[in-house]
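Here's the structure we're looking at; comments come further down.
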Amino acid sequence: MVSRELTLARHPQGRLAVECFAIVERELGPIQNGQVLVRNLWTSVDASVLLRLRELGPEGYLPPFALGQPLIGLAVGEVCESRSPELAAGDLVTHIYGFRDYALVRPGGETLAGVGSLRRIRRDIGAPEDYLGALGHTGITAYVGLIAVAGLSPGDIVWVSAAAGGTGSVAAQIAKLRGHVVIGSAGSDDKVDYLLNELGLDAAFNYHHGDLRSLLRGSAPHGIDVYYDNVGGGHLEAALYELRNHGRVALCGAISGYDGEQTVGPRNMFQVVVKNLTLRGFRAGAHARLEDEAMQVIGEWLRQGQLKVRSTIYEGLERAPEAIVGLARGANIGKTLVRSIVT
Ligand SMILES: NC(=O)c1ccc[n+]([C@@H]2O[C@H](COP(=O)([O-])OP(=O)(O)OC[C@H]3O[C@@H](n4cnc5c(N)ncnc54)[C@H](OP(=O)(O)O)[C@@H]3O)[C@@H](O)[C@H]2O)c1
Numbered sequence: 040m041v042s043r044e045l046t047l048a049r050h051p052q053g054r055l056a057v058e059c060f061a062i063v064e065r066e067l068g069p070i071q072n073g074q075v076l077v078r079n080l081w082t083s084v085d086a087s088v089l090l091r092l093r094e095l096g097p098e099g100y101l102p103p104f105a106l107g108q109p110l111i112g113l114a115v116g117e118v119c120e121s122r123s124p125e126l127a128a129g130d131l132v133t134h135i136y137g138f139r140d141y142a143l144v145r146p147g148g149e150t151l152a153g154v155g156s157l158r159r160i161r162r163d164i165g166a167p168e169d170y171l172g173a174l175g176h177t178g179i180t181a182y183v184g185l186i187a188v189a190g191l192s193p194g195d196i197v198w199v200s201a202a203a204g205g206t207g208s209v210a211a212q213i214a215k216l217r218g219h220v221v222i223g224s225a226g227s228d229d230k231v232d233y234l235l236n237e238l239g240l241d242a243a244f245n246y247h248h249g250d251l252r253s254l255l256r257g258s259a260p261h262g263i264d265v266y267y268d269n270v271g272g273g274h275l276e277a278a279l280y281e282l283r284n285h286g287r288v289a290l291c292g293a294i295s296g297y298d299g300e301q302t303v304g305p306r307n308m309f310q311v312v313v314k315n316l317t318l319r320g321f322r323a324g325a326h327a328r329l330e331d332e333a334m335q336v337i338g339e340w341l342r343q344g345q346l347k348v349r350s351t352i353y354e355g356l357e358r359a360p361e362a363i364v365g366l367a368r369g370a371n372i373g374k375t376l377v378r379s380i381v382t
């Protein structure tokens, strides 16, 4: 069987461009015992992909993609044929071989640092694509970051950066649903409108509209207790100034440095000493023990319509390059997804 897949054609020089990618056809080969053949329905476009496109990625992180090799990404698909006793044709599954039409996958096979093992998904809580967003790795990351890493406590005032994105929009809503005052920041006025009027945050600002520290102080005049950091650099620096005594930072990511720009800062690390701050990095895969709890809590909010999901959807594998570049440039609101249109 022939399957199309997205490959890295050249490493980005400067900022990422759609020309860095190519779609190629490949013969899949026969299905082996223990494998399932999956027709992909949705691929998750995650910021982590950006870190794997350069020749040299961050040390210790997922390895860079090799030129000409297919990209990997979390996906939801339907089992077309099964040679595994664990799964049957017609099952909906999540796995890591997105960015292609079809994949041969094996239970217990490769993962993305512990994330994305082949798994049947339930069909009763959300739509299949929700298992890549609020009901999947994105939601788990947001939950773990706030609850286990930042130690969210009653009365905390919370700032979430990149709050209109996939992870940020879930994190901001979790904090809001738990009764916190939540401030969100994002890169456009439309996103600020979304944060205030759709997600109901207490305050929000467009970080392009001036000095970050002043903008944050304008939205949080009494300071913040928790900063959920998706951006790093200047955003983290502003947070360190505005955090109150014993404040906590969940270092989820640093996207301001993922697309060719060298981020500077924070240059005020002494604030950590002055105010007894805790900065804690995390990878959601290291908190697998909280997955079931996260899914239960988020699933219940979804069922009750309290947690809202929004996605930016690109139709067809051929639009995957646009989706990846779009995520880097902030073209998305909510979760970025590529929908497969293979019949
Ligand atoms: N630690 C973990 O286990 C884990 C797991 C998943 C994701 N993450 C992290 O979570 C963050 C969000 O990832 P995601 O996949 O959910 O993507 P996303 O938030 O849906 O999309 C990325 C967003 O980042 C913002 N952005 C891009 N460049 C920026 C810049 N220079 N300054 C400020 N904002 C910028 C853009 O929104 P604006 O228009 O607002 O700029 C864009 O929409 C990333 O840092 C990622 O590495 C971490």
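Reminder that position 119 of the sequence shown reads as 158 in our numbering, one-by-one numbering, no gaps.
Just so you know, even glycine gets a beta-carbon here, dropped at the ideal spot from N, CA and C.
Computed from a prediction, not measured in an experiment: that's the story for all the values here.
Quiz item: Less than 8 Å separating the beta-carbons of A152 and V265?
Solution: no
Exercise. Report whether the distance from the Cβ of G204 to the nearest heavy atom of ligand 2 is below 7 Å.
Key: Questions concerning ligand 2 fall outside what the structure shown contains, since the ligands it does hold are ligand 1.
Self-check item: From G262, A325, P51, H261, residue whose alpha carbon lies closest to that of P103
Solution: P51
Quiz item: Taking Cβ to Cβ, would you say G112 is nearer than 8 Å to T82?
Solution: yes
Quiz prompt | For P167, the three-state DSSP class (helix, strand or coil) | solution = helix
Quiz item: What span of residues does the beta strand (DSSP E) with V220 cover, start to end?
Solution: 220-225
Quiz item: Closer than 7 Å: is that where the CB of L366 sits relative to any heavy atom of ligand 1?
Solution: yes
Exercise. Could you round the C-beta distance between L174 and L341 to whole angstroms and report it? I think they count as a contact, below 8 Å.
Key: 7 Å
Quiz item: What's the call for L185, buried or exposed, on a 16-neighbour Cβ count within 10 Å?
Solution: buried
Quiz item: Can you check whether the CB of G373 is closer than 8 Å to the CB of L205?
Solution: According to the sequence shown, residue 205 is Gly rather than Leu. The answer is yes: Cβ separation under 8 Å.
Practice problem: Using the Cα positions of D331 and L240, report the straight-line distance between them to the nearest angstrom. | Solution: 27 Å
Exercise. Please state whether DSSP places E383 in a helix, a strand or coil.
Key: The chain is shown from 40 up to 382; residue 383 falls before or after that span and cannot be answered.
Quiz item: DSSP on L279, reduced to helix/strand/coil?
Solution: helix
Quiz prompt | Classification of T150 by the beta-carbon crowding that lies within 10 angstroms, buried from 16 upward | solution = exposed
Quiz item: Of the residues V313, R162, F244, which one's Cα is nearest the Cα of L282?
Solution: V313
Quiz prompt | Given G320 as reference, the closest of R78, R93, L90, V183 once Cα atoms are compared | solution = V183
Quiz prompt | Close Cβ partners of N245 (< 7 Å) along its chain, the five nearest in sequence each way excluded | solution = A225, G226, S227, D228, V231
Quiz prompt | Endpoints, beta strand (DSSP E) assigned at I196 | solution = 196-199
Quiz item: Looking at C-alpha atoms only, which residue of R162, I160, E120 is the closest neighbour of L143?
Solution: E120
Quiz prompt | Bridge partner(s) assigned by DSSP for L290 | solution = D268, G320
Quiz item: When you compare each of Y233, Q335, P305, V288 to S295 by their alpha carbons, which one comes out closest?
Solution: P305
Quiz item: Less than 8 Å separating the beta-carbons of L80 and M40?
Solution: no
Quiz prompt | Beta bridge counterpart(s) of G99 as assigned by DSSP | solution = None, per the DSSP bridge assignment.
Self-check item: N- and C-terminal bounds of the beta strand (DSSP E) containing K347
Solution: Premise fails: K347 is in no beta strand (DSSP E) and is neither H nor E.
Self-check item: R378 to A243 span [Cα, whole Å]
Solution: 30 Å
Quiz item: Is there at least one non-hydrogen atom of ligand 1 closer than 7 Å to the beta-carbon of S258?
Solution: no
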